[in-house]
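Chemist: For the sequence shown, this note's numbering gives the first residue as 3, with consecutive numbering after it.
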Amino acid sequence: MENLGKKVGFLKGLMEGMDFKADGANGKLLAGIVDLLGDLSDRVEAADELLEDLNDYVESIDEDLTQLESEHGDLDDFFGDEDEDDDEDFDDVFDGGEDRLHLLHPADKSEDESLAGNLCPECKRMFFTSLKDADDAEYLCPHCGERVRPVPLTPDNAPIARPLAGE
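Spelled out as structure tokens, the structure:
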């Protein structure tokens, strides 16, 4: 593929050397084909460069992973001893591969209503609302009873449980 540009250049030079008349129907067709080959050649060369960069990047990731494995032994030991069943449980929670950190789905699939976790801006406690509700809907907080527009629950504002000290 390295010679594509040279081959297209040769064809262009051959057409010019033959005093090829590009005014006729056949001349226009051949000139168009040679120009198209030139454009395709440029794209193939660009794709080859990108592929080479991607291969270099994958090799560097592989080297980093090999280094991690050599420093920490088996990566299962590094990340904790996990069963394959744990992966299946995780997949069940996040079915579809979407980010569903803030969504809950009812156990009863006949009622297809997804819930979104929210924080009350007044008491900072969490409650759930239907995703079918309007974005600007107001609610009565079930904890403090205030009329509020909830703040969507995100990883940045979610309450995080910490282990008790001494345990």
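Each residue gets a CB set at the ideal place from its N, CA and C atoms; glycine is no exception.
On a predicted model such as this, the values are computed, not experimentally measured, just so you know.
Out of Pro-165, Asp-138, Ala-33, Lys-9, point me to the one whose CA is closest to Pro-154's CA.
Modeler: As a first step, residue 154 must be located in the sequence shown, where it is residue number 152. It is Asp-138.
Chemist: Can you give me the C-alpha to C-alpha distance between Gly-26 and Gly-40, rounded to a whole angstrom?
Modeler: Within the sequence shown, the letter at position 24 stands for residue 26. Within the sequence shown, the letter at position 38 stands for residue 40. Distance between the alpha carbons of Gly-26 and Gly-40: 21 Å.
Chemist: To the nearest angstrom, how far is the alpha carbon of Leu-31 from that of Val-46?
Modeler: Here residue 31 refers to the residue found at position 29 of the sequence shown. Here residue 46 refers to the residue found at position 44 of the sequence shown. Rounded to whole angstroms, Leu-31 to Val-46 spans 22 Å at the Cα level.
Chemist: Between the region 17-24 and the region 52-61, can you find at least three pairs of beta-carbon atoms closer than 8 Å?
Modeler: No, the region 52-61 is not in contact with the region 17-24.
Chemist: Suppose you measure from the CA of Gly-147 to the CA of Thr-156; what does that come to, to the nearest Å?
Modeler: In the sequence shown, the residue the question calls residue 147 occupies position 145. In the sequence shown, the residue the question calls residue 156 occupies position 154. Distance between the alpha carbons of Gly-147 and Thr-156 is about 23 Å.
Chemist: Between Ala-160 and the rest of its own chain, which residues show a CB-CB distance below 6 Å, the 5 nearest in sequence each way excluded?
Modeler: What you label residue 160 is simply residue 158 of the sequence shown in a count that begins at 1. There are no such residues.
Chemist: Determine the extent of the beta strand (DSSP E) in which Phe-12 is found, giving its start and end residues.
Modeler: If you number the sequence shown from 1, residue 12 lands on position 10. Counting along the chain, Phe-12 falls outside any beta strand (DSSP E), though it belongs to the alpha helix (DSSP H) covering 6-19.
Chemist: Could you give the residue range of the beta strand (DSSP E) that holds Ser-132?
Modeler: Numbered from 1 along the sequence shown, position 130 holds the residue referred to as residue 132. Taken as a continuous stretch (DSSP letters only), the beta strand (DSSP E) holding Ser-132 covers 128-132.
Chemist: Which of helix, strand or coil does DSSP assign to Gly-119?
Modeler: On the sequence shown, position 117 is the one that residue 119 refers to. Reduced to three states, the DSSP call for Gly-119 is strand.
Chemist: Give me the Cα-Cα distance between Arg-149 and Pro-165, rounded to the nearest whole angstrom.
Modeler: Taking the first residue of the sequence shown as position 1, residue 149 is located at position 147. Taking the first residue of the sequence shown as position 1, residue 165 is located at position 163. About 33 Å.
Chemist: In this structure, does DSSP put Arg-164 in helix, strand or coil?
Modeler: Looking up residue 164 in the sequence shown gives position 162. The answer is coil: DSSP assigns Arg-164 none of H, G, I, E or B.
Chemist: Would you list the one or two residues that DSSP bridges to Val-150?
Modeler: Taking the first residue of the sequence shown as position 1, residue 150 is located at position 148. Partner(s): Tyr-141.
Chemist: Quick one: using the 10 Å Cβ neighbour count with 16 as the cut-off for buried, is Thr-68 buried or exposed?
Modeler: Within the sequence shown, the letter at position 66 stands for residue 68. So Thr-68 ends up on the exposed side.
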